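Undergrad: Take this structure, written in structure tokens, and hold onto it; I'll ask about it next.
In our numbering, the protein residues as written are 1 to 507.
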């Protein structure tokens, strides 16, 4: 009675007995439990139950279970349907209140000391060391005199004086150290604090453009790993994945083995450089040909990258699937891309005085029509009033009509537009502070009386403007803007290249 199969008999698990299987003709009209037809039905139910159990076990094994599913889904729904919206105070008063206390004149952080105009800069948030591009192609470093060095001073009065030094004096204590040179003009400059790597790209000239990757603190000066992309005449931009977008903030993602990710726009191709824990860099081609020069790059999420092109198209690339799509179309060449207050909102700066905020979930213009059959453009950004400001003459009626038709067919609808002056310069800096809700954009000094304009990220209103320097080198464009956080006191300030030096707008 061990349940072994015996031909012509059925073993009942509950009763622990064998029963003879009755044929269909013998069981006709008797409804016997162990008839052939009933046993076929029973086996079918068992097979279905066994398959369902196996499927459930396989699903549980393969699926990554979200740890806070209810709160995530609820928050996502609340955001989409409009519940728990940001208060009027946060979106209207808070950004203006934050920037109102900033001094109108900047404080000098580090002078170039006749080393050449500082084009780009970055800072190590831990050691506060400044890395900068002086002149066209010289990469220099300047250390910071911290309070931890006071322990080396025996005199208490000297330690007290050291702690009382301002930022300019702390950086001025050390001279500029040259740590590298490039073969042509530097086009982008990135410092990656996770591993201490420094990424430099060049525009190219008679020498081909390069991607230079180094560890200045570990390997010393003039030691780097260089890549020369094939069939590439120029490199315009690069973007390192910010530390705030690391996958460790996403508990449902599988941790990557690479420590750093650097995206590079090699003319019309999109390249990705990844660094392994051993310190070596590897390159791969994400998009071989976008049919237009890539002028701007920005990370929207740990695995999503946005690329802005010279023809105004903005492409989205997913590193997980390897797929890409053309999601937005800016009316003019894109000069800068920045992630706003979410992975779906993108700040785009371009030529012809354009600075727009896009939402990739709503890329198209509304096709709502009036009673007369015409498209209702009252709520559109590209309406009759917009084109009248561009072409105010009465003889430009045909041109306005043609541009309106082109805008409806090809251009994307922005959520917000910001006051901006940039006629034809691709090197002006734009930076977003998500926590303060502020957008800082440098202006074209040839056509504007202001050097930096700060706007509310949620309303588009201009909340602060800073005048250009009165004296000095004059006419130096502001290529680099950065919001810098002080880990000691938690403060934040706006750093920029200013009259050939580095200056800070602080409270």
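The C-beta atom is built at its ideal place from N, Cα and C for all residues, glycine as well. Keep in mind it's a predicted model, so treat the numbers as computed, not measured.
Using only the alpha-carbon positions, how far apart do residue 445 and residue 351 sit?
TA: Each residue's Cα considered, the two are about 14 Å apart.
Undergrad: Using only alpha-carbon positions, find the residue among 265, 269, 270, 280 that is nearest to residue 259.
TA: The residue with the shortest Cα to Cα distance from residue 259 is 280.
Undergrad: Whole angstroms are fine: how far does the CA of residue 112 sit from the CA of residue 300?
TA: Taking the straight line joining both Cα atoms gives about 34 Å.
Undergrad: Quick one: grab the DSSP three-state call for residue 380.
TA: Note: residue 380 maps to coil in three-state DSSP.
Undergrad: From the DSSP output, in three-state form, read off residue 37 for me.
TA: Looking at residue 37 - three-state DSSP - the assignment turns out to be helix.
Undergrad: Smallest Cα separation from residue 228: which of 148, 277, 265, 477?
TA: The shortest C-alpha separation from residue 228 is found at 265.
Undergrad: Kindly list the residues whose CB is nearer than 7 Å to the CB of residue 399, restricted to its own chain and excluding five residues on each side of it in sequence; keep chain order.
TA: So the qualifying residues of the chain are 391.
Undergrad: For residue 284, count neighbouring C-beta atoms within 10 Å of its own C-beta (all shown protein chains included) and say buried if the count is 16 or more, exposed if not.
TA: By the neighbour-count rule (16 or more Cβ atoms within 10 Å), residue 284 is not buried but exposed.
Undergrad: Using 8 Å as the threshold, is the region 97-107 in touch with the region 136-146, meaning 3 or more CB pairs across them?
TA: The region 97-107, when compared against the region 136-146, does not touch it at the 8 Å Cβ threshold.
Undergrad: Just the Cα atoms here: how many angstroms apart are residue 426 and residue 397?
TA: Using only the alpha carbons, I get a separation of about 31 Å.
Undergrad: Mapping DSSP to helix, strand and coil, what is residue 265?
TA: Looking at residue 265 - three-state DSSP - the assignment turns out to be strand.
Undergrad: Could you tell me the alpha carbon to alpha carbon distance between residue 15 and residue 52, rounded to whole angstroms?
TA: Spanning the two alpha carbons is a distance of roughly 26 Å.
Undergrad: Residue 507 by DSSP, collapsed to three states: which one?
TA: It is coil, neither helix nor strand.
Undergrad: How far does the beta strand (DSSP E) with residue 345 in it extend, from its first residue to its last?
TA: Per DSSP, residue 345 belongs to the beta strand (DSSP E) from 345-350.
Undergrad: Starting from residue 456, trace the beta strand (DSSP E) both ways and give me its first and last residue.
TA: That run of the beta strand (DSSP E) goes 452-456.
Undergrad: Measure from the alpha carbon of residue 468 to the alpha carbon of each residue in 211, 451, 49, 462, then state which is nearest.
TA: The shortest Cα separation from residue 468 among 211, 451, 49, 462 belongs to 451.
Undergrad: How about residue 232 and residue 205: do their beta carbons lie closer than 8 Å?
TA: Going by C-beta atoms, residue 232 is not nearer than 8 Å to residue 205.
Undergrad: Give the single residue among 418, 492, 430, 424 whose Cα lies nearest to the Cα of residue 462.
TA: Ranking 418, 492, 430, 424 by Cα distance to residue 462 puts 418 first.
Undergrad: For the putative contact between residue 182 and residue 210, defined by C-beta atoms under 8 Å, what is the C-beta separation to the nearest angstrom?
TA: That pair is a contact at about 7 Å.
Undergrad: Could you tell me which of 329, 120, 6 sits nearest to residue 189, measuring between CA atoms?
TA: Comparing Cα positions, the closest option is 120.
Undergrad: Write down every uninterrupted run of the alpha helix (DSSP H) in the region 137-184 whose length is 4 residues or greater and which is fully enclosed by it, in chain order.
TA: Counting whole runs of 4 or more residues, the region 137-184 contains the alpha helix (DSSP H) stretches 156-163, 167-172.
Undergrad: Note down, one range per segment and in chain order, each beta strand (DSSP E) of at least 3 residues found wholly within the region 384-457.
TA: DSSP runs (the beta strand (DSSP E)) wholly in the region 384-457: 430-433, 438-442, 452-456.
Undergrad: Mind checking which residues open and close the beta strand (DSSP E) that includes residue 12?
TA: Residues 9-12.
Undergrad: Just curious, the alpha helix (DSSP H) that residue 99 is in, first and last residue?
TA: First-last of the alpha helix (DSSP H) with residue 99: 94-100.
Undergrad: Hey, could you find the ends of the beta strand (DSSP E) residue 479 is sitting in?
TA: No beta strand (DSSP E) holds residue 479; DSSP gives it neither H nor E.
Undergrad: With 16 as the cutoff for other CB atoms within 10 Å, does residue 49 come out buried or exposed?
TA: The residue in question, residue 49, is exposed, as its Cβ has fewer than 16 Cβ neighbours within 10 Å.
Undergrad: Might you give, ordered along the chain, the residues of its own chain that have their beta carbon closer than 7 Å to the beta carbon of residue 198, omitting 5 neighbours on each side?
TA: Once the five neighbours on either side are set aside, the close Cβ partners of residue 198 are 131, 191, 214, 216.
Undergrad: I need the boundaries of the alpha helix (DSSP H) containing residue 219, first residue and last residue.
TA: First-last of the alpha helix (DSSP H) with residue 219: 216-219.
Undergrad: Rounded to the nearest angstrom, what separates residue 478 and residue 495 at their Cα positions?
TA: Cα to Cα, residue 478 sits roughly 11 Å from residue 495.
Undergrad: Secondary structure at residue 319, three-state DSSP: helix, strand or coil?
TA: In this structure, residue 319 counts as coil in the three-state DSSP scheme.
Undergrad: Does the region 427-445 touch the region 345-360, meaning 3 or more C-beta pairs lie closer than 8 Å?
TA: With a cut-off of 8 Å, the region 427-445 and the region 345-360 count as touching, because enough Cβ pairs lie within range.
Undergrad: Mind checking whether residue 179 and residue 500 have CB atoms under 8 Å apart?
TA: Not a contact, by the Cβ cut-off of 8 Å.
Undergrad: Count the other CB atoms, across all protein chains shown, that sit within 10 Å of the CB of residue 326; report buried if there are 16 or more and exposed otherwise.
TA: Looking at its Cβ environment, which holds fewer than 16 other Cβ atoms inside 10 Å, residue 326 is exposed.
Undergrad: Determine the closest residue to residue 109 out of 465, 172, 40, with distance taken between C-alpha atoms.
TA: Out of 465, 172, 40, 172 has the C-alpha closest to the C-alpha of residue 109.
Undergrad: Please classify residue 207: does DSSP put it in a helix, a strand, or coil?
TA: Correct three-state label for residue 207: coil.
Undergrad: Suppose you measure from the CA of residue 134 to the CA of residue 457; what does that come to, to the nearest Å?
TA: Looking at the two C-alpha atoms, the distance is approximately 32 Å.
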